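At position 111 of the sequence shown the residue is numbered 111 (full-length UniProt numbering), and the sequence of numbers has no breaks.
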Amino acid sequence: MNSGFPPMDFKIAVLGAGGVGKTSLLRAFFDQPFTTDHKPTVDDYFVHGIKLRGVFYNACIVDTSGSFSFPVMRRFAISHCQGFVVTYALNDEKSFQAAVSTLDEIIDLKAGIGLKYKRIPVMLVANKFDCKDRQVSAVEAQAELNTRPWIVGLYTEVSCKTNSGVDGIFESLLNLMQAIKEREQSKSDKSSSLRQSGRNSSRKKYNSGGGKK
1 MNSGFPPMDF KIAVLGAGGV GKTSLLRAFF DQPFTTDHKP TVDDYFVHGI KLRGVFYNAC
61 IVDTSGSFSF PVMRRFAISH CQGFVVTYAL NDEKSFQAAV STLDEIIDLK AGIGLKYKRI
121 PVMLVANKFD CKDRQVSAVE AQAELNTRPW IVGLYTEVSC KTNSGVDGIF ESLLNLMQAI
181 KEREQSKSDK SSSLRQSGRN SSRKKYNSGG GKK
């Protein structure tokens, strides 16, 4: 099935409520200046090369709309991406609850696709670390990741305004994605090896006298 995205090594969706700083996060990552102007995002994607363990990978990063008025586009992005950056604002409890709901939405969609999505890589990103009126604790945020066994997640706090902590987000997510990919490939190789060993064993038994004369 054609996803509508270009062929990439990794596909990542950036999700979160409107105004939490998703686009600002990407602007900081791409070394673009921070702006206080908020323009509602209509889903867009960026192609970026990221070096991981000495190897360059092409990543497609999807900047999704913070509005829930586009559920089809949102579900499309979640269904076709492999890793997720779920963002909320530290000074906005409602945006945190929206992020928690997004975690469950990701699980519902990815788990429904197939068993290979038993481990879903997610970065839970708390933006606006520079604000003094915090409404969500780090313990509370980490607990939401820990109670969802489908998710292989990391929690981090950043400030897009001061460009603090942004650089490591996508590298950390790609490390998670690559580790899961290698683990699943190893399990697949072992399963194939066991099936082949079983077939060879059956042939030996048949040829040693178990078959028809």
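All C-beta atoms, glycine included, are put in the ideal place defined by N, C-alpha and C. Predicted, not measured: the structure shown is a model, and the values here were computed from it.
- Rounded to whole angstroms, the separation of the alpha carbons of A28 and V166 is 7 Å.
- Pairing L15 with S186, the inter-Cα distance amounts to about 30 Å.
- Look at G19 here: in three-state DSSP terms it is coil, with no helix or strand label.
- The three-state secondary structure of L176, taken from DSSP, is helix.
- Just measuring C-alpha positions, the residue of F30, D31, C131, Y88 sitting nearest L124 is Y88.
- Assignment of T102 by DSSP, reduced to helix, strand and coil, places it in the helix class.
- Here A13 is actually not in contact with A98; their C-beta atoms are around 15 Å apart, not less than 8 Å.
- Setting aside the 5 residues that flank it on each side, F46 is surrounded in the same chain by I61, each with a C-beta closer than 6 Å to its C-beta; the list follows chain order.
- The shortest C-alpha to C-alpha distance from V136 to any of K94, V72, P121 is the one to K94.
- In this structure, D130 sits near K161, with a CB-CB distance shorter than 7 Å.
- Counting of Cβ neighbours within 10 angstroms places V55 among the exposed residues, the total staying below 16.
- Straight-line measurement puts the Cα of A138 at about 28 Å from the Cα of S79.
- In the three-state reduction of the DSSP assignment, L124 falls in the strand class, which pools E and B.
- Annotation for E144: V100 place their beta carbon closer than 6 Å to its own, counting only its chain and skipping 5 residues before and after.
- Rounded to whole angstroms, the gap between the alpha carbons of I107 and K132 is 32 Å.
- In the structure shown, the three-state DSSP call for G153 is strand.
- Between K128 and S172 a beta carbon distance of about 19 Å is seen, past the 8 Å cut, so the two are scored as non-contacting.
- Here DSSP, grouped into helix, strand and coil, assigns S24 to helix.
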